[in-house]
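S.K.: Its first residue numbered 1, the sequence shown is counted upward by one per residue in the UniProt record's numbering. Idealized CB from N, CA, C, for every residue including glycine. Since the structure is predicted, the reported quantities are computational estimates derived from the model, not experimental observations.
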Amino acid sequence: MYWIINDNIEFRPDSKKLISVTNPEINVVLTTPASRCLLLLLEASPDVVTQQEFFKKVWEDEGMLVPANTLYQNISIVRRGLRAVGETDRILVATVPRKGFQIDKSVKIARVAADQADEVVSETLQGEDELDVEYHADAEPEFTPEETALPAHTVTVSKRSRLPLFVGIIAMAAAFFIGAIGMNFAWHFSDTKPFFAGYTFVEQDKGCHFYITDDSHDNKNSYARFKTLILGSGLDCEKYPWVYFPLSQTSPGLAVLVCRKNYLKSAIPGCITLSFRGVGSE
């Protein structure tokens with residue numbers, strides 16, 4: 001199932017993706033909360049979705065309590081994505097003062113069921129809803145074996161000439177996979193992971209594993225205060241047992257990364273951010 005917005009934007013909830021109907025190379029991957037917000041708006045249209053509904057269905061059902069600013073940030077992500085993919089400055093998501101948000105009444109939306117999608121799959125990018133990347137390897141399809149193989153009746157290839165061709169294909173495939181493995185290793189272990197590798201495990205409390213990095217020089221008081229704040233926010237340690245946050249005297253707020261799995265050991269840890277303002281070190 002997916003949605004068509006104003007006949008020119010395709011929204012795939014399963015992959016959190018906005019795709020241009022006329023030019024599929026133009027696409028945006030939304031954050032998980034932003035994708036859920038857009039889905040709520042589309043399902044409720046033309047009615048208003050209240051802030052309370054957003055908080056409950058997007059965050060509270062996942063065991064999280066977030067400030068209102070987090071909702072506004074994700075609505076902003078939805079608006080920017082729709083403008084970019086739809087190549088328009090029109091208001092597609094309207095603010096209803098003191099109530100919430102809604103799909104603007106001038107916007108045309110259509111829900112496409114799975115059986116309808118199968119009928120038009122040849123007119124769309126097949127497999128597009130399975131991708132969760134922000135780029136396309138445009139040249140790759142030109143080199144697939146199905147497109148480059150010559151018809152059997154146009155040329156006769158001897159068994160002797162096939163061997164070098166076969167060896168060349170194997171060598172190219174091996175080089176591709178070695179390069180892909182190297183890029184994956186560099187992505188997961190040479191960039192993001194060392195940043196959190198600097199975090200130190202402090203303790204396990206109420207099912208949560210707490211990791212910190214400290215430049216406050218007052219780690220005992222700051223840590224205890226922040227931990228109490230985090231646990232008091234309604235964090236569900238059964239769903240998000242891995243907690244990472246910095247101790248700082250200079251930051252005006254606190255950003256906490258909470259994950260379903262150990263960030264340092266899992267390729268897909270399933271993390272979200274919990275933000276607090278005005279809680280800097282006293």
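#1: Please report the distance separating the alpha-carbon of Phe101 from that of Lys16.
#2: Going by alpha carbons, who is nearest to Val273 out of Asp14, Tyr2, Trp3, Gly63?
#3: Express the C-alpha separation of Ala224 and residue 302 in angstroms, rounding to a whole number.
#4: Enumerated in chain order, which unbroken segments of the beta strand (DSSP E) with a length of 3 residues or greater are wholly contained in the segment 220-261?
#5: Determine the burial state of Asn27: buried for a count of at least 16 other Cβ atoms within 10 Å of its Cβ, exposed for fewer.
#6: Suppose the cutoff is 6 Å on Cβ atoms and the five residues either side in sequence are ignored; what does the same chain contact list for Val21 look like?
#7: Relative to the C-alpha of residue 291, which residue among Gly270, Leu247, Gly253, Asp214 is closest?
#8: Report back the beta-carbon spacing between Phe54 and Leu42 to the nearest angstrom; my notes put them in contact at under 8 Å.
#9: Taking Thr32 as the reference, which of Val48, Asp14, Asp47, Glu25 has the closest Cα?
#10: If we ignore side chains and look at the alpha-carbon of each, how far apart do Val29 and Thr88 end up?
#11: Could you give the distance in angstroms between the alpha-carbon of Pro246 and the alpha-carbon of Ile212?
#12: By the 10 Å Cβ neighbour count, where 16 or more other Cβ atoms means buried, how is Ala34 classified, buried or exposed?
#13: Sorted by chain position, which residues of the same chain lie with C-beta nearer than 8 Å to Leu92's C-beta, five sequence neighbours on each side aside?
#14: Run through the DSSP bridge pairs and tell me what Gln52 is partnered with.
#15: Just the C-alpha distance for Lys227 and Gly234, rounded to the nearest angstrom, thanks.
#16: Arg36: buried (16+ other C-beta within 10 angstroms of its C-beta) or exposed?
#17: Let's see if you can read the secondary structure: which residues bound the beta strand (DSSP E) around Arg12?
#18: If we ignore side chains and look at the alpha-carbon of each, how far apart do Tyr244 and Val202 end up?
#19: Given a cut-off of 8 Å, decide if Thr70 and Ser222 are closer than it, judged by their beta-carbon atoms.
#20: So what's Tyr72 in DSSP terms, helix, strand or just coil?
#21: Within this structure, are the beta carbons of Trp3 and Ile109 separated by less than 8 Å?
#22: Let me know the secondary structure DSSP gives Glu87 once reduced to three states.
M.R.: Short version:
#1: If you take the alpha carbons of Phe101 and Lys16, they lie about 19 Å apart.
#2: Note on residue identity: the sequence assigns Thr, not Val, to residue 273. The residue with the shortest Cα to Cα distance from Thr273 is Gly63.
#3: Nothing can be reported for residue 302, as the shown portion of the chain is limited to 1 through 282.
#4: 242-247, 253-259, all fully within the segment 220-261.
#5: Classified as buried, Asn27 has 16 or more neighbouring CB atoms from the shown chains inside 10 Å of its CB.
#6: Excluding residues up to 5 positions away in sequence, Asn8, Glu10 lie with their Cβ nearer than 6 Å to the Cβ of Val21 in the same chain.
#7: Residue 291 lies beyond the residue range present for the chain, which begins at 1 and ends at 282; the question has no answer from this structure.
#8: The pair is not a contact, with the Cβ atoms about 13 Å apart (cut-off 8 Å).
#9: Of Val48, Asp14, Asp47, Glu25, the residue nearest in Cα terms is Asp14.
#10: Answer to the nearest angstrom: the Cα atoms are 18 Å apart.
#11: Their backbone Cα atoms lie some 5 Å apart in a straight line.
#12: Burial is judged here by how many other beta carbons sit within 10 angstroms of a residue's own beta carbon; Ala34 has at least 16 and is buried.
#13: Excluding residues up to 5 positions away in sequence, Ile5, Asn6, Arg79, Leu82, Arg83, Gly86, Ile103, Asp104, Val107 lie with their Cβ nearer than 8 Å to the Cβ of Leu92 in the same chain.
#14: Note: Gln52 sits in no beta bridge, so no partner.
#15: Between the C-alpha atoms of Lys227 and Gly234 there is a straight-line separation of about 12 Å.
#16: Buried.
#17: In the DSSP assignment, Arg12 falls within the beta strand (DSSP E) that extends over 9-12.
#18: Spanning the two alpha carbons is a distance of roughly 10 Å.
#19: The criterion of a C-beta distance shorter than 8 Å is not satisfied by Ser222 and Thr70.
#20: Look at Tyr72 here: in three-state DSSP terms it is helix.
#21: Yes, the Cβ-Cβ distance between Trp3 and Ile109 is below 8 Å.
#22: Reduced to three states, the DSSP call for Glu87 is coil.
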